[in-house]
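Residue numbers (this note's numbering): 6 to 279.
Glycine included, each C-beta is placed from N, C-alpha and C at the ideal position.
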């Protein structure tokens, strides 16, 4: 599959990126703040901005910086905010920053816990940290192995806790974040999930057909597709200088100024040119 085919096939995915432009000079004049394109999140019918706010951005920043980053995103038209307990103190920082906008945004969170009791405890803690009474989307985080899948789906597994929480109004939609095709396909076969989040970029697409398998199945089942690492080149080379993008866990595409615009918020001073 060539680049054109990849872009056509993945056009319906909503990228939830830990990225946001720091230099808007290269963006056309008709792309004004607050006018960001939105796409339907699969069968949920929810319209989300094509770029999401990855919560790792507010890890280890001041409350003032967190509020500034969230406001900048909202002003630019972003309405999807995603975070997870594994992002350090990001939940604690995002909670107060997002509180003024909570009723108008789509908030998603995740858990890496695989048993029901553990998942429920982490869900309740995340709700407290983020100062909200529900999540629009709650996701199984970083599911990779079939052993994970077996525990999640089994008696007393995380999915039971998700379903109970949904019945209580604590969760609107149930999704998954996966890092292997076999895990993603097994979960989609076993339960009617609302969304799937996984790495969707040229590198993973061409390496072992990871991308096409999941994308095709998700389309057939009507899942909302949220892409991870959309601007990834690959893993950081050993010894690479990562100081420019300290919160980026992969090496972003080196595309000159365009790469700078897309990866801006991962730099130490993300607001300097705004």
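Residue 121 sits away from residue 89, with the two beta carbons spaced by 8 Å or more. Residue ranges of uninterrupted beta strand (DSSP E) with 3 or more members, entirely inside the segment 35-73 and ordered along the chain, are 43-45, 52-54.
Put simply, of 245, 242, 199 the residue whose alpha carbon is nearest the alpha carbon of residue 225 is 199.
Here the segment 140-154 does not lie against the segment 99-107, with fewer than 3 beta-carbon pairs under 8 Å apart. At a Cβ-Cβ threshold of 8 Å, residue 135 and residue 85 do not count as neighbours. In the DSSP assignment, residue 165 is bridged to no other residue. When the five nearest sequence neighbours on each side are left out, the beta carbons in the same chain lying within less than 6 Å of the beta carbon of residue 116 are those of 124, 127, 146, in order along the chain. About 14 Å separates the beta carbons of residue 222 and residue 202, which is beyond the 8 Å limit, so they are not a contact pair. Listed as beta-bridge partners of residue 182 by DSSP are 202. Taking 3 residues as the shortest admissible run, the segment 76-122 contains the following complete beta strand (DSSP E) segments, listed from N- to C-terminal end: 85-87, 111-116. Taking all protein chains shown into account, residue 195 has fewer than 16 neighbouring C-beta atoms within 10 Å of its C-beta and is therefore exposed.
In the DSSP assignment, residue 142 falls within the beta strand (DSSP E) that extends over 140-148. One Cα belongs to residue 47, the other to residue 82, and the distance between them is close to 20 Å. Checking the DSSP bridge columns, you'll see residue 229 partnered with 200.
Its Cα nearest to that of residue 155, the residue 192 stands out among 192, 227, 173.
A direct Cα-Cα distance of roughly 11 Å separates residue 177 from residue 51. Counting along the chain, no alpha helix (DSSP H) covers residue 160, and no H or E run does either.
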